[in-house]
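Asker:
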Amino acid sequence: MSVAILGGGAFGTALAIALSRDGSDITLWARDASDADRMQESRESGRAMPGFPLPPTLTVTPDFPSFDIALVTVPAQRTRDFLAEY
18 MSVAILGGGA FGTALAIALS RDGSDITLWA RDASDADRMQ ESRESGRAMP
68 GFPLPPTLTV TPDFPSFDIA LVTVPAQRTR DFLAEY
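When you read off a place in the sequence shown, starting at 1, and then add 17, the result is the number in the numbering used here.
1) Bridge partners for A87 per DSSP, in chain order?
2) If I follow the unbroken beta strand (DSSP E) through L75, where does it start and stop?
3) Got a sec? Which residues, its chain only, sit under 8 Å from Y103 by beta carbon, not counting five neighbours each side?
4) So who's on the other strand from I34, going by DSSP bridges?
5) May I ask you to report which of helix, strand or coil DSSP gives L71?
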């Protein structure tokens, strides 16, 4: 089962780290490609939560992933626009 966390801010990143610690394959989608690439390459959380290591089963991508289950973690005020766009 593929799980995607849609939103690479502090809450989405923390949730992705926590869920992937048990060995589950988790994809964290971040809208900003440079942030996503930096997190994936450095294996560290981004600007929203600096200094936290990313588990090896966590993939960070700016490409909208395919998934069986998605957790939307974008800010509440952006949810409507996010759902309309994606």
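From the three backbone atoms N, C-alpha and C, an ideal C-beta is built for every residue, glycine too.
Answerer: On the basis of the supplied data:
1) A21
2) L75 to T78
3) L23 and F81
4) Partner(s): none; I34 has no beta bridge.
5) coil
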